[in-house]
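The structure appears below as structure tokens.
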Amino acid sequence: MFRHFLCDPVPGRVMRNDAPGVHEWAARMWNLSPVKVAAMTPVTELPRHLEPLLALIARDYLPYLEANARAFAAGDKMVASHIGGAPITEPVKPYRVWCRDRLHTAFMALTPEDRERVTALCPPGALMQLAKASSKPVASLIPALPIKGRVAAKTADSWWRQG
Numbered sequence: 010m011f012r013h014f015l016c017d018p019v020p021g022r023v024m025r026n027d028a029p030g031v032h033e034w035a036a037r038m039w040n041l042s043p044v045k046v047a048a049m050t051p052v053t054e055l056p057r058h059l060e061p062l063l064a065l066i067a068r069d070y071l072p073y074l075e076a077n078a079r080a081f082a083a084g085d086k087m088v089a090s091h092i093g094g095a096p097i098t099e100p101v102k103p104y105r106v107w108c109r110d111r112l113h114t115a116f117m118a119l120t121p122e123d124r125e126r127v128t129a130l131c132p133p134g135a136l137m138q139l140a141k142a143s144s145k146p147v148a149s150l151i152p153a154l155p156i157k158g159r160v161a162a163k164t165a166d167s168w169w170r171q172g
């Protein structure tokens with residue numbers, strides 16, 4: 010989302026005028042490269058001010074990803090979930106299955122000790138669904154980094170349709 014709001018003329022102007030710190034952060038995010046990230050000091054502890062964000066992700070986003078993956082595997086066209094306690098229904102998105110599978114892969118790649126540390130940061134049971142792979146995974150349409158030369162693949166939308 011940061012790229013969308015940074016590059017779109019109207020939100021970009023609002024960001025520059027009303028939230029210059031957010032604009033600066035978005036520009037730094039957009040300017041990152043694997044080389045710059047590799048040179049950074051690794052984060053060893055989660056800052057406490059991020060705990061509410063992690064709780065929100067555990068409460069709303071992870072269950073949505075799981076519901077979307079189940080709906081995709083069942084061949085459903087729509088998925089129902091809750092965001093902030095409010096019911097939502099939207100089209101099933103294969104891209105979100107891919108996102109969920111990336112989280113699963115990263116979670117399972119942690120050492121058992123680190124997996125316990127991450128699990129302890131979330132509400133009880135919040136990460137249980139990440140211990141299992143999706144029953145119908147989605148192939149990645151995103152080329153591996155670093156991207157060298159021109160990318161031959163077509164772009165894909167959030168339904169993983171290539172155009």
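Following our numbering, the numbering of the sequence shown begins with 10 at its first residue and continues without gaps. Glycine included, C-beta positions come from ideal geometry on N, C-alpha and C. Keep in mind that this is a model prediction, so the values were computed, not measured.
Hey, A67 and A118: beta-carbon distance below 9 Å or not?
no
Buried or exposed by the 16-neighbour rule on C-beta atoms within 10 Å, applied to R109
buried
Which same chain residues end up closer than 6 Å to V88 when comparing Cβ atoms and leaving out the 5 residues on each side of it in sequence?
A76, N77, A80 and V101
Pairwise C-alpha distance: Y73 and P96:
11 Å
For V106 versus K157, is the C-beta distance shorter than 9 Å?
no
In its own chain, which residues sit with a C-beta less than 8 Å from the C-beta of L130, not counting the 5 before and 5 after it?
L55, E60 and L63
Report the rounded CA-to-CA distance for M137 versus R124, giving the unit in angstroms.
11 Å
Residues in its own chain within less than 7 Å of R90 by CB, not counting five upstream and five downstream?
Note that residue 90 is Ser in the sequence shown, not Arg. If we look at S90 and ignore the five residues flanking it on each side, its Cβ neighbours are P72, Y73, A76 and I97.
In chain order, what residues of the same chain have a beta carbon less than 8 Å from the beta carbon of K141, not counting five sequence neighbours either side?
H113
Alpha carbon of S42 to alpha carbon of K86, nearest angstrom:
36 Å
Should H174 go down as buried or exposed, given a rule of 16 or more other Cβ atoms within 10 Å for buried?
The requested residue 174 is not part of the displayed model; the chain covers only 10 to 172.
At which residues does the beta strand (DSSP E) containing H91 begin and terminate?
M87 to I92
Check for me: the alpha helix (DSSP H) holding A80 runs from which residue to which?
L71 to A83
If you draw a straight line from the C-alpha of P51 to the C-alpha of T120, how long is it?
17 Å
Give every residue of the same chain whose Cβ lies closer than 8 Å to the Cβ of W169, excluding the five residues on either side of it in the sequence, and list them in chain order.
K102, P103, Y104, W107, V147 and L150
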